[in-house]
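Peer 1:
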Amino acid sequence: MKKIALVLFVALFGLVIDPFGAFAKDWYFKPAKNHQPATTEPEYEALLKKYDGIYIGDPSKKELFLTFDNGYEAGYTAHILDTLKKEHVPATFFITGHYISDQPELVKRMVNEGHIIGNHSWSHPDLAKISDTKYKKELAKLKARYTKLTGKTEMNYLRPPRGTFSERSLKLGHDEGYINVFWSAAYRDWLRDQQHGADYAYDHIMKRMHPGAVILLHTVSKDNAEALPKVIHDLKKQGYRFRSLDDLMAERALPSKFW
1 MKKIALVLFV ALFGLVIDPF GAFAKDWYFK PAKNHQPATT EPEYEALLKK YDGIYIGDPS
61 KKELFLTFDN GYEAGYTAHI LDTLKKEHVP ATFFITGHYI SDQPELVKRM VNEGHIIGNH
121 SWSHPDLAKI SDTKYKKELA KLKARYTKLT GKTEMNYLRP PRGTFSERSL KLGHDEGYIN
181 VFWSAAYRDW LRDQQHGADY AYDHIMKRMH PGAVILLHTV SKDNAEALPK VIHDLKKQGY
241 RFRSLDDLMA ERALPSKFW
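If you count the sequence shown from 1, position 74 lands on 74 in full-length UniProt numbering, and the numbers rise without skipping.
1) Locate the beta strand (DSSP E) running through E63, then write down its first and last residues.
2) Who does A185 pair with in a DSSP beta bridge?
3) Under a three-way DSSP split, which group does F242 fall into?
4) Can you tell me whether Y72 is buried or exposed? The criterion is at least 16 other CB atoms within 10 Å of its CB, across all chains shown.
5) If D126 and T164 are in contact, beta carbons under 8 Å, what's the gap, nearest whole angstrom?
6) Is the beta carbon of residue 263 less than 8 Å from the beta carbon of T96?
7) Determine whether the beta carbon atoms of G212 and G57 lie at a separation below 8 Å.
8) Can you tell me whether S101 is buried or exposed? The criterion is at least 16 other CB atoms within 10 Å of its CB, across all chains shown.
9) Give the single residue among T147, E63, A128 and K171 whose Cα lies nearest to the Cα of G118.
10) Of all the options H98, A185 and L217, which has the alpha carbon lying nearest to the alpha carbon of A32?
11) How many angstroms separate the CA atom of E43 from the CA atom of Y28?
12) Within this structure, are the beta carbons of S166 and E138 separated by less than 8 Å?
13) Looking at Y240 and Y64, is the spacing between their C-beta atoms short of 8 Å?
14) In terms of alpha-carbon separation, which member of V89, R188, K143 and E41 lies closest to H115?
15) Go ahead and pull the three-state DSSP assignment for L235.
This is the structure:
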(Lines of atoms letter the chains of each structure in order from A and count residues from 1; the text may use other names and numbers.)
(Lines give C-alpha, C1' and ligand atoms only; values in the text may rest on other atoms or scores of the structure.)
Protein backbone atom coordinates (compact mmCIF):
# COMPACT_ATOMS: atom_id res chain seq x y z
CA MET A 1 0.00 0.00 0.00
CA LYS A 2 2.83 2.43 0.86
CA LYS A 3 4.50 1.67 -2.47
CA ILE A 4 1.29 2.40 -4.39
CA ALA A 5 0.80 5.65 -2.49
CA LEU A 6 4.38 6.69 -3.27
CA VAL A 7 3.92 6.00 -6.99
CA LEU A 8 0.72 8.03 -7.06
CA PHE A 9 2.39 10.88 -5.20
CA VAL A 10 5.32 10.97 -7.61
CA ALA A 11 2.99 10.89 -10.62
CA LEU A 12 0.77 13.65 -9.32
CA PHE A 13 3.69 15.75 -8.09
CA GLY A 14 5.37 15.41 -11.49
CA LEU A 15 2.27 16.77 -13.19
CA VAL A 16 2.17 19.70 -10.80
CA ILE A 17 5.77 20.78 -11.31
CA ASP A 18 5.82 19.88 -15.02
CA PRO A 19 2.26 20.12 -16.39
CA PHE A 20 3.32 19.61 -20.02
CA GLY A 21 6.35 17.33 -19.83
CA ALA A 22 4.32 14.22 -19.00
CA PHE A 23 2.94 14.32 -22.55
CA ALA A 24 6.24 14.94 -24.35
CA LYS A 25 7.40 12.49 -27.00
CA ASP A 26 10.75 11.95 -28.68
CA TRP A 27 10.69 11.82 -32.47
CA TYR A 28 12.34 8.87 -34.11
CA PHE A 29 12.12 7.05 -37.41
CA LYS A 30 12.47 3.36 -38.18
CA PRO A 31 15.03 2.74 -40.94
CA ALA A 32 14.15 0.06 -43.47
CA LYS A 33 16.45 -2.25 -45.39
CA ASN A 34 17.52 -1.91 -49.02
CA HIS A 35 16.73 1.82 -49.19
CA GLN A 36 13.04 1.32 -48.62
CA PRO A 37 11.17 4.27 -47.04
CA ALA A 38 11.55 4.75 -43.31
CA THR A 39 8.51 4.66 -41.05
CA THR A 40 7.62 5.88 -37.57
CA GLU A 41 5.08 5.07 -34.88
CA PRO A 42 1.46 4.99 -36.11
CA GLU A 43 0.62 7.38 -33.26
CA TYR A 44 3.17 9.86 -34.56
CA GLU A 45 1.93 9.47 -38.13
CA ALA A 46 -1.61 10.22 -36.97
CA LEU A 47 -0.57 13.34 -35.04
CA LEU A 48 1.40 14.73 -37.99
CA LYS A 49 -1.51 14.09 -40.30
CA LYS A 50 -3.90 15.80 -37.88
CA TYR A 51 -1.74 18.94 -37.67
CA ASP A 52 -0.33 18.93 -41.22
CA GLY A 53 3.20 18.07 -40.15
CA ILE A 54 5.72 16.20 -42.29
CA TYR A 55 8.59 13.79 -41.89
CA ILE A 56 8.75 12.17 -45.33
CA GLY A 57 7.85 13.01 -48.90
CA ASP A 58 6.23 10.77 -51.50
CA PRO A 59 7.88 7.34 -51.04
CA SER A 60 7.04 6.45 -54.65
CA LYS A 61 9.27 9.23 -56.04
CA LYS A 62 13.05 9.46 -56.06
CA GLU A 63 12.98 12.91 -54.48
CA LEU A 64 15.02 14.11 -51.53
CA PHE A 65 14.54 17.08 -49.21
CA LEU A 66 17.72 18.37 -47.62
CA THR A 67 17.46 20.15 -44.26
CA PHE A 68 20.06 21.43 -41.83
CA ASP A 69 19.79 22.41 -38.18
CA ASN A 70 21.86 25.48 -37.27
CA GLY A 71 22.10 26.03 -33.53
CA TYR A 72 25.53 27.64 -33.73
CA GLU A 73 28.34 28.07 -36.24
CA ALA A 74 31.43 25.86 -36.27
CA GLY A 75 33.01 27.14 -39.46
CA TYR A 76 31.57 24.72 -42.03
CA THR A 77 28.35 26.34 -43.26
CA ALA A 78 30.01 28.49 -45.92
CA HIS A 79 31.54 25.36 -47.45
CA ILE A 80 28.15 23.64 -47.37
CA LEU A 81 26.60 26.64 -49.12
CA ASP A 82 29.36 26.57 -51.72
CA THR A 83 28.51 22.94 -52.47
CA LEU A 84 24.79 23.57 -52.67
CA LYS A 85 25.34 26.49 -55.03
CA LYS A 86 27.65 24.51 -57.30
CA GLU A 87 25.27 21.55 -57.44
CA HIS A 88 22.08 23.66 -57.71
CA VAL A 89 20.57 21.95 -54.68
CA PRO A 90 17.95 23.69 -52.50
CA ALA A 91 17.94 23.25 -48.74
CA THR A 92 16.13 24.40 -45.64
CA PHE A 93 18.17 25.80 -42.74
CA PHE A 94 16.49 25.75 -39.33
CA ILE A 95 18.10 28.50 -37.28
CA THR A 96 18.03 29.63 -33.66
CA GLY A 97 18.25 33.05 -32.05
CA HIS A 98 21.91 32.49 -31.26
CA TYR A 99 22.66 31.65 -34.88
CA ILE A 100 20.92 34.63 -36.44
CA SER A 101 22.51 36.97 -33.89
CA ASP A 102 25.99 35.50 -34.34
CA GLN A 103 25.94 34.81 -38.09
CA PRO A 104 23.68 37.36 -39.83
CA GLU A 105 25.77 37.37 -43.01
CA LEU A 106 25.46 33.62 -43.42
CA VAL A 107 21.70 33.83 -42.91
CA LYS A 108 21.48 36.54 -45.57
CA ARG A 109 23.57 34.41 -47.89
CA MET A 110 21.20 31.48 -47.41
CA VAL A 111 18.27 33.67 -48.39
CA ASN A 112 20.07 35.31 -51.32
CA GLU A 113 21.00 31.91 -52.73
CA GLY A 114 17.40 30.71 -52.66
CA HIS A 115 17.31 28.53 -49.58
CA ILE A 116 14.46 28.36 -47.09
CA ILE A 117 14.96 29.56 -43.52
CA GLY A 118 12.99 27.65 -40.91
CA ASN A 119 12.26 28.40 -37.27
CA HIS A 120 14.22 26.36 -34.74
CA SER A 121 13.06 28.62 -31.87
CA TRP A 122 14.92 31.49 -30.24
CA SER A 123 16.65 29.68 -27.36
CA HIS A 124 16.26 25.99 -28.30
CA PRO A 125 13.97 24.88 -25.45
CA ASP A 126 11.90 21.72 -25.34
CA LEU A 127 8.72 23.10 -26.92
CA ALA A 128 6.62 20.34 -25.37
CA LYS A 129 7.58 21.46 -21.86
CA ILE A 130 7.05 25.21 -21.93
CA SER A 131 3.87 27.24 -21.56
CA ASP A 132 1.79 28.38 -24.51
CA THR A 133 2.90 31.97 -23.93
CA LYS A 134 6.59 31.05 -23.83
CA TYR A 135 6.17 28.85 -26.90
CA LYS A 136 4.68 31.68 -28.95
CA LYS A 137 7.38 34.11 -27.80
CA GLU A 138 10.12 31.67 -28.82
CA LEU A 139 8.82 31.51 -32.38
CA ALA A 140 7.80 35.16 -32.70
CA LYS A 141 11.16 36.52 -31.50
CA LEU A 142 13.11 34.45 -34.03
CA LYS A 143 10.77 35.39 -36.86
CA ALA A 144 10.88 39.09 -35.97
CA ARG A 145 14.71 39.07 -36.00
CA TYR A 146 14.66 37.24 -39.34
CA THR A 147 12.32 39.81 -40.85
CA LYS A 148 14.42 42.67 -39.52
CA LEU A 149 17.58 41.15 -41.00
CA THR A 150 16.27 40.06 -44.39
CA GLY A 151 13.05 41.97 -45.01
CA LYS A 152 11.28 38.64 -45.53
CA THR A 153 8.02 38.22 -43.69
CA GLU A 154 7.28 34.57 -44.43
CA MET A 155 8.56 31.79 -42.23
CA ASN A 156 6.54 28.66 -42.81
CA TYR A 157 8.47 25.74 -41.35
CA LEU A 158 9.24 24.78 -37.77
CA ARG A 159 11.61 22.11 -36.51
CA PRO A 160 11.07 21.39 -32.82
CA PRO A 161 14.40 21.51 -30.95
CA ARG A 162 15.69 18.09 -29.93
CA GLY A 163 12.85 16.51 -31.89
CA THR A 164 10.60 16.54 -28.83
CA PHE A 165 6.91 17.27 -29.23
CA SER A 166 3.42 16.67 -27.91
CA GLU A 167 0.01 17.01 -29.41
CA ARG A 168 -0.26 20.39 -27.70
CA SER A 169 3.01 21.64 -29.16
CA LEU A 170 2.13 20.40 -32.66
CA LYS A 171 -1.21 22.18 -32.44
CA LEU A 172 0.42 25.39 -31.21
CA GLY A 173 2.86 25.38 -34.12
CA HIS A 174 0.05 24.69 -36.56
CA ASP A 175 -2.09 27.44 -35.09
CA GLU A 176 0.83 29.87 -35.39
CA GLY A 177 0.96 29.13 -39.11
CA TYR A 178 3.89 26.70 -39.15
CA ILE A 179 4.39 23.29 -40.70
CA ASN A 180 6.14 21.03 -38.18
CA VAL A 181 9.04 19.32 -39.96
CA PHE A 182 10.64 16.14 -38.66
CA TRP A 183 12.79 13.71 -40.70
CA SER A 184 13.14 10.20 -42.09
CA ALA A 185 16.91 10.09 -42.58
CA ALA A 186 19.63 11.17 -40.15
CA TYR A 187 22.59 9.89 -38.18
CA ARG A 188 24.52 10.90 -35.05
CA ASP A 189 26.40 13.80 -36.65
CA TRP A 190 26.16 16.68 -34.17
CA LEU A 191 28.90 15.68 -31.71
CA ARG A 192 31.92 17.75 -32.68
CA ASP A 193 34.31 15.65 -30.60
CA GLN A 194 33.17 12.49 -32.39
CA GLN A 195 33.90 13.29 -36.03
CA HIS A 196 35.32 10.38 -38.00
CA GLY A 197 36.02 11.72 -41.47
CA ALA A 198 34.20 12.27 -44.75
CA ASP A 199 33.96 8.57 -45.60
CA TYR A 200 32.20 7.87 -42.33
CA ALA A 201 29.64 10.60 -42.99
CA TYR A 202 29.19 9.47 -46.59
CA ASP A 203 28.50 5.87 -45.59
CA HIS A 204 26.05 6.80 -42.84
CA ILE A 205 24.14 9.28 -45.00
CA MET A 206 23.94 7.02 -48.04
CA LYS A 207 22.70 3.96 -46.17
CA ARG A 208 19.71 5.96 -44.88
CA MET A 209 18.63 7.25 -48.30
CA HIS A 210 15.24 6.27 -49.65
CA PRO A 211 12.63 7.78 -51.98
CA GLY A 212 10.96 10.78 -50.36
CA ALA A 213 13.56 11.16 -47.62
CA VAL A 214 13.53 14.32 -45.52
CA ILE A 215 17.19 14.44 -44.55
CA LEU A 216 18.40 16.00 -41.31
CA LEU A 217 22.04 17.06 -41.11
CA HIS A 218 23.87 19.42 -38.74
CA THR A 219 26.18 22.09 -40.08
CA VAL A 220 28.51 21.80 -37.09
CA SER A 221 29.77 18.53 -38.54
CA LYS A 222 33.06 18.80 -40.44
CA ASP A 223 32.40 15.29 -41.76
CA ASN A 224 29.14 16.41 -43.36
CA ALA A 225 30.72 19.42 -45.03
CA GLU A 226 33.47 17.28 -46.52
CA ALA A 227 31.19 14.41 -47.60
CA LEU A 228 28.38 16.50 -49.07
CA PRO A 229 29.79 16.97 -52.61
CA LYS A 230 30.18 13.22 -53.12
CA VAL A 231 26.82 12.50 -51.45
CA ILE A 232 24.99 14.85 -53.81
CA HIS A 233 26.90 13.69 -56.88
CA ASP A 234 26.29 9.99 -56.23
CA LEU A 235 22.63 10.42 -55.31
CA LYS A 236 22.04 12.29 -58.54
CA LYS A 237 23.73 9.42 -60.40
CA GLN A 238 21.25 7.07 -58.71
CA GLY A 239 18.39 9.11 -60.19
CA TYR A 240 17.42 11.18 -57.17
CA ARG A 241 16.26 14.78 -57.47
CA PHE A 242 16.75 17.32 -54.71
CA ARG A 243 13.60 19.35 -54.08
CA SER A 244 12.65 22.04 -51.57
CA LEU A 245 10.07 21.79 -48.82
CA ASP A 246 8.01 24.32 -50.77
CA ASP A 247 7.94 21.84 -53.66
CA LEU A 248 6.78 19.11 -51.31
CA MET A 249 3.96 21.20 -49.89
CA ALA A 250 2.90 22.30 -53.37
CA GLU A 251 2.72 18.67 -54.46
CA ARG A 252 0.52 17.90 -51.51
CA ALA A 253 -1.77 20.82 -52.23
CA LEU A 254 -2.19 20.34 -55.98
CA PRO A 255 -3.58 17.37 -57.94
CA SER A 256 -0.97 14.85 -59.03
CA LYS A 257 -1.53 15.68 -62.72
CA PHE A 258 0.42 18.92 -62.18
CA TRP A 259 3.48 16.93 -61.18
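The beta-carbon is built from N, C-alpha and C at its ideal position, and this holds for glycine as well. No experiment lies behind these values; they were computed from the predicted model shown.
Peer 2: According to the structure data:
1) If you number the sequence shown from 1, residue 63 lands on position 63. First-last of the beta strand (DSSP E) with E63: E63 to N70.
2) Here residue 185 corresponds to residue number 185 of the sequence shown, with the count starting at 1. Paired residues: I215.
3) The count along the sequence shown starts at 1 and reaches residue 242 at position 242. Of the three classes helix, strand and coil, the one that applies to F242 here is strand, per DSSP.
4) Residue mapping note: residue 72 aligns to position 72 of the sequence shown, counting from 1. Y72 should be labelled exposed.
5) Here the question's residue 126 lines up with position 126 in the sequence shown. Here the question's residue 164 lines up with position 164 in the sequence shown. The Cβ separation is near 5 Å, so the contact holds.
6) As shown, the chain starts at 1 and ends at 259. That puts residue 263 outside it, with no answer to give.
7) In the sequence shown, residue 212 corresponds to position 212, counting from 1. In the sequence shown, residue 57 corresponds to position 57, counting from 1. A contact, by the Cβ cut-off of 8 Å.
8) For the purposes of this step, residue 101 is taken as residue 101 along the sequence shown, with counting starting at 1. S101 comes out exposed.
9) Counted from its first residue, the sequence shown places residue 118 at position 118. When only C-alpha atoms are compared, the closest one is T147.
10) Mapped onto the sequence shown, residue 32 falls at position 32. When each option's Cα is compared against that of A32, the closest is A185.
11) The residue labelled residue 43 in the question sits at position 43 within the sequence shown. The residue labelled residue 28 in the question sits at position 28 within the sequence shown. Pairing E43 with Y28, the inter-Cα distance amounts to about 12 Å.
12) In the sequence shown, residue 166 corresponds to position 166, counting from 1. In the sequence shown, residue 138 corresponds to position 138, counting from 1. Not in contact: S166 and E138 (Cβ atoms no closer than 8 Å).
13) Against the sequence shown, residue 64 aligns to sequence position 64. Against the sequence shown, residue 240 aligns to sequence position 240. Here the sequence assigns Leu to residue 64, which means Tyr is not the residue at that position. Result yes, Cβ atoms of L64 and Y240 sit closer than 8 Å.
14) As a working mapping, residue 115 is identified with position 115 in the sequence shown. Minimum Cα distance to H115 is reached at V89.
15) The sequence position of residue 235 within the sequence shown is 235, counting from 1. In the structure shown, L235 sits in a helix (DSSP, three-state: H, G or I).
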